[in-house]
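**Student:** Take this structure first; my questions come after.
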Amino acid sequence: MSAEQMLAPLAETLGPGALEHHDPVSVDGVSVRATLHPRDGRALAQMLAEMGRHGIAGLPRGGGTRLGIGNRPARADVLISTRKLRGVDTFEPAEGVCHAGAGTPLAELRDIVRAQRWELPFDVADAAATLGGALASAAVGPRTQGYGLPRDVVLGLEVVLATGERTRCGGRVVKNVTGYDLGKLYTGCFGTLGVIEGAWLRLRPAPERVALLEAPGAEIAPACEGGLEAARRSSVRACALLCDAGAALRCVVELAGDAASVERDVHWLSDRLRAVPAPADALLRVQRRQCGTQGPHELRFRLGVLPAQLSAATQQLAAEGARILAYPGLNLVYAHFALAEADDLEGAARAFRSAAAVASPGALLCEAAPEAVKRGRDVFSGDPALLPLMRALKQRFDPAAVLNPGRFAGGI
Amino acid sequence: MDGLVRELRNVVGEAGCLVRPEELAVYQCDGLTCHRADPVAVVFPRSRVEVQRVIRACRAAGTPFVPRGAGTGLSGGALAEGAVVIECSRMKRILEIDTANRTARVEPGIPNAEVSKAVAPHGLHYAPDPSSQLVCTIGGNVAENSGGPHTLKYGTTTNHVLALELVLPDGECVELGSPTGWASGYDLVGAVVGSEGTLGVVTAATVRLVPLPEGVETLLGIFPDVVSACRAVGGIIEAGMVPAALEIVDQRTIAAVEASVYAAGLPTDAGAVLLVELDGAAVALAAQVERVRAIAAGAGATAVEVARDEAERQRFWRARKGAFGAMGRLAPDLYVHDAVVPRSRLPEVLERICAIGDRYGLKLSNVFHAGDGNLHPNISFDRRDPDELRRVFAAGAEILELCVAAGGVITGEHGIGNEKRDFMRLVFGDDDLDAMHRLRDVFDPDHLCNPGKVLPTPRFCVEANPKARGYDRVGFE
């Protein structure tokens, strides 16, 4: 049965405008030719229930900026756009909380809260990125050190389960242990358990002062040591170490907070790392580097690395030709490996081995790779002992494998 | 049951297994003394392997089991009716302190404060600090996602647990999370923290350590009423400050504290006191103190004192931390309630809570984490008086309804336990609860692990209003 035939009953049930046919969109080589556009949570719930009934598999899509992360889809009949679930319906400056629809662009949300001297604690630079996408994929950036992880920013979620129920978890208050913390499960689940409809967020007060500095290149060991020390200064909210193949390690640091603390740490960075004021877009370039690849034949890995191993890991990765971006305050390293060709499977296998050799156990994700490399491979490296639990969760939340089948850890 | 007890004794030894009624009486309740039930046995395993063997023995006998820390919980989460209590006090070792990576791996029975004490020489501490931190255990904290006065700035347990060793309800053991904080797959650590011991038994935890603050300043503001103290809290938050703690003690509590051994020298005619703790870079604190002082004065404070030394800081905190002990003078029992409302709704909600207490003729006072809207209405009562007990529960139910109607939730840090499971429907609908059941069923399909907690039963109960379920049916004496 063609995808069009498969989707026909869905189009009929959902009415005009809900289903858009378009040119093929490739997700790791799997072509998707249609997108569902639920106008609200109720429509989304109806869609998912119908999809389950008709055996249709869908890929939730926010701004599409992180659609490439994950395993190659086992099936993909349709994209599920959250674009229409857009808008900030509650913003309470007195509380420092807001609620927005999943399809709300982070940039829009950021502007709204900034006007009242609050900061949106998501460090995603791409203008197209949406709240739902950032939560579902647990997107981070250099400022995540100061902002906190997406899991810790969410107060409550509305989630439409794969089985079509509209559910809520958490709440709108900043402290809450009412029931199981399902928000933690949904955040970072890449839409495999449900589709986020909206979220309550805890905002952060805008800092009194911000300063951006950069330190000149240094050898890897002293640079890592300096970066770790810098990352642990009280006003540092972002600290990035950058190393291109064979070059020295540069450090970019953003400080934010009360004027006295920032001032003190600026002096410390000047003295200790010979840091100087950085161009205004220095951190933006870090963010772009984190999320981008150089050309179509590059692999991008995200590795969890403990501070004590940072220097050795960086040296090893650099020796094997990787471009490196490390966030010492987050225990995180991004390593980019260039392949000779898109189907250089041997080179890819070497890169996977190199990354796995230095990542902490279970803390490796290949975020970007050519389609040929992804075929038959699990880009997540988790503890196999946990797969039965995770598969059982998927089975209970998405028994018909409607959402993102095959794309998550262990082929879930 | 004899066969089970024999097997349990095989695992933990004769001395590690209590079965006599007089021994079990201690384990009839946790800190919520008005809910009681009899366990069939209490075991004290010494290792993860013993926990696994105990669980397998219970499963084979079809007997439920309940993990228990120090029993300081305040929601009946450790109630073990007809169940085996797995008491973790023999598993209290610090397995590793890794100062380079700022983590510690500990067994579940170690008291919270012991972790901070052990790492203090390295300039570090474990941030979550429940009021019972001298005795409450890390395992219990993980189960309850415990908070404390300083969670306004530092977060709750879930923000500080990186990895867990968990014995599943089928006896298998898994390692969840990663000391790096980055693990592939679903965030199972996030799901287990705060699950109130219903998803398995934690046998080791890797926790994050954070630096001791470079400087601390503690202020005590005296206010004519709670409303003006709350106004000061709002002003501090709106000024973009994130104090380590923002605590309010109301007039009724002040009176009780000042009449007790915890007396802190507070004016008994004050309507409320606000305790503000600021910590961070020493260079920044002086300016912050002045800002808080100005905000408090603007909100109506009649006096603002700044602690001159550690002794004075401790005196200020006595007003807050001694509150629960001081209540012992008022009545034999204390019901420490727990709910959360949006911060800006605190004044009106508090007024109505006091009115509820008065209407039921109860001794009700308030001590609360004002910075995060976490209320603790305390009701002093005598559980031997059935009528008073009925009024306590009725007032408690109204308070929860009030808080939910104000946009809040029914617990901020004590958990649902046995106490509030039937109030879950005030907050969540059937589909929301069904999603939670799905999680529970994956970990514990036979519902042997701390049954009857967190989720209301039976599933899809048609009684939307917990009042209809009757408060006189809870298991108090």
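Protein chains in written order, with the working numbering: chain A, 11 to 422; chain B, 32 to 508. Here a beta-carbon is modelled for each residue, glycine too, at the ideal position from N, C-alpha and C.
State yes or no: is the C-beta of A/L238 within less than 7 Å of the C-beta of A/P317?
**Tutor:** Their beta carbons are under 7 Å apart, which means A/L238 touches A/P317 by this criterion.
**Student:** What would DSSP say about A/C179, mapped onto helix, strand or coil?
**Tutor:** The answer is strand: DSSP assigns A/C179 an E or B state.
**Student:** Give the interface partners of A/R182 over in chain B, defined as CB-CB distance under 9 Å, in chain order.
**Tutor:** Ordered by position in chain B, the residues that pass the 9 Å Cβ test against A/R182 are P373, G438, G439 and V440.
**Student:** Would you kindly work out how many angstroms separate the C-alpha atoms of B/G252 and B/L316, rounded to a whole number?
**Tutor:** Answer to the nearest angstrom: the Cα atoms are 17 Å apart.
**Student:** Would you call the region 182–194 of chain B and the region 223–230 of chain B touching, i.e. three or more CB-CB distances under 8 Å?
**Tutor:** Counting Cβ pairs under 8 Å, three or more are found: they touch.
**Student:** DSSP puts B/D310 in a beta bridge; with which residues?
**Tutor:** Paired residue(s): B/V247.
**Student:** What are the start and end residues of the beta strand (DSSP E) that includes A/C249?
**Tutor:** V246 to C253 is the extent of the beta strand (DSSP E) around A/C249.
**Student:** Here's a check: name, in chain order, each residue in its chain whose Cβ is nearer than 8 Å to the Cβ of B/V193, leaving out the five neighbours to either side.
**Tutor:** According to the sequence displayed, residue 193 of chain B carries Leu and not Val. Here the set comprises T134, G208, S209, P210, T211, G212, V220, T237, V238 and R239.
**Student:** Can you list the residues of chain C that B/L470 reaches, using a CB-CB cut of under 9 Å?
**Tutor:** Considering every chain present, this structure includes no chain C. Its protein chains are A and B.
**Student:** Looking only at C-alpha atoms, which of A/E207, A/V187, A/P103 and A/A135 sits nearest to A/V123?
**Tutor:** Nearest of A/E207, A/V187, A/P103 and A/A135 to A/V123, Cα basis: A/P103.
**Student:** Identify, in the order they occur along the chain, each residue of the same chain with its Cβ nearer than 6 Å to the Cβ of A/T75, setting aside the five sequence neighbours on each side.
**Tutor:** Taken in chain order, the residues that qualify are D136, A138 and A139.
**Student:** So if I threshold CB-CB distances at 8 Å, which residues from the region 321–342 of chain A count as touching chain B?
**Tutor:** Listed by position, the residues of the region 321–342 of chain A near chain B (Cβ gap below 8 Å) are L340, N341 and L342.
**Student:** Apart from the five residues on each side of it in sequence, which residues of its chain come closer than 8 Å, Cβ to Cβ, to A/P19?
**Tutor:** So the qualifying residues of the chain are E60 and H64.
**Student:** Can you tell me whether A/F362 is helix, strand or coil according to DSSP?
**Tutor:** Three-state result, A/F362: helix.
**Student:** Would you mind stating whether A/N341 and A/G302 have Cβ atoms separated by less than 7 Å?
**Tutor:** In this structure, A/G302 does not lie closer than 7 Å to A/N341 by Cβ.
**Student:** Where does B/V493 sit, in a helix, a strand or coil, going by DSSP?
**Tutor:** Because the pLDDT at B/V493 is just 39, under 50, the model does not fix this residue reliably, and the value given afterwards should be weighed accordingly. Reduced to three states, the DSSP call for B/V493 is coil.
**Student:** Can we say the region 35–44 of chain B touches the region 82–102 of chain B, given the rule of at least three CB pairs closer than 8 Å?
**Tutor:** Yes, the region 35–44 of chain B touches the region 82–102 of chain B.
**Student:** So, at 7 Å on beta carbons, what are the nonlocal neighbours of B/A144 in its own chain, with the 5 sequence-adjacent residues on each side left out?
**Tutor:** If we look at B/A144 and ignore the five residues flanking it on each side, its Cβ neighbours are Q164 and L165.
**Student:** Tell me where the beta strand (DSSP E) around B/K394 begins and ends.
**Tutor:** Element bounds for B/K394: K394 to H400.
**Student:** With burial defined as no fewer than 16 other Cβ atoms inside 10 Å of the residue's Cβ, what is the status of B/L195: buried or exposed?
**Tutor:** Counting Cβ neighbours within 10 Å, B/L195 comes out buried, since at least 16 surround it.
**Student:** For the alpha helix (DSSP H) containing B/D364, list its first residue and its last residue.
**Tutor:** Unbroken run through B/D364 is the beta strand (DSSP E), D364 to V367; no alpha helix (DSSP H).
**Student:** If you run the structure through DSSP and keep just helix, strand and coil, what is A/Y190?
**Tutor:** In the structure shown, A/Y190 sits in coil (DSSP, three-state: anything other than H, G, I, E or B).
**Student:** State the Cα-Cα distance for the pair A/A290 and A/P215, rounded to the nearest angstrom.
**Tutor:** Rounded to whole angstroms, A/A290 to A/P215 spans 21 Å at the Cα level.
**Student:** If B/V440 sits next to A/G181, beta carbons under 8 Å apart, how far is it from one beta carbon to the other, in whole angstroms?
**Tutor:** Going by Cβ atoms, the distance from B/V440 to A/G181 rounds to 5 Å, so yes, they are a contact pair.
**Student:** From B/A111 to B/G104, what distance separates their C-alpha atoms?
**Tutor:** If you take the alpha carbons of B/A111 and B/G104, they lie about 13 Å apart.
**Student:** The beta strand (DSSP E) spanning B/G439 covers which residue range?
**Tutor:** Counting along the chain, B/G439 falls outside any beta strand (DSSP E), and DSSP gives it neither H nor E.
**Student:** For B/P70, which residues in the same chain have their Cβ closer than 6 Å to its Cβ, ignoring the five residues on either side in sequence?
**Tutor:** L55, Y58, A111, A114 and V116.
**Student:** Identify whether B/I279 lies in helix, strand or coil by the three-state DSSP scheme.
**Tutor:** The answer is strand: DSSP assigns B/I279 an E or B state.
**Student:** Is A/R299 closer than 7 Å to A/L375 when the C-beta atoms are compared?
**Tutor:** Contact flag unset, no.
**Student:** At a Cβ cut of 8 Å, what residues of the region 78–110 of chain A count as close to chain B, listed as they run along the chain?
**Tutor:** Listed in sequence order: E102, P103, A104, E105, G106 and V107.
**Student:** From the DSSP output, in three-state form, read off A/R406 for me.
**Tutor:** Note: A/R406 maps to helix in three-state DSSP.
**Student:** Quick one: grab the DSSP three-state call for A/V389.
**Tutor:** In this structure, A/V389 counts as coil in the three-state DSSP scheme.
**Student:** Between the alpha carbons of B/R136 and B/L126, how many angstroms are there, rounded?
**Tutor:** In a straight line, the C-alpha of B/R136 is about 5 Å away from that of B/L126.
**Student:** Could you tell me whether the region 242–251 of chain A touches the region 337–354 of chain A, where touching means 3 or more Cβ pairs closer than 8 Å?
**Tutor:** Yes, the region 242–251 of chain A is in contact with the region 337–354 of chain A.
**Student:** CB-CB under 8 Å to B/D477, same chain, minus the five flanking residues each way: which ones, in chain order?
**Tutor:** Excluding residues within five positions, the ones whose Cβ falls inside 8 Å are R90 and P200.
**Student:** Give the residues of chain B in contact with A/C199, contact being defined as C-beta atoms less than 7 Å apart.
**Tutor:** Within 7 Å Cβ-Cβ: Y217.
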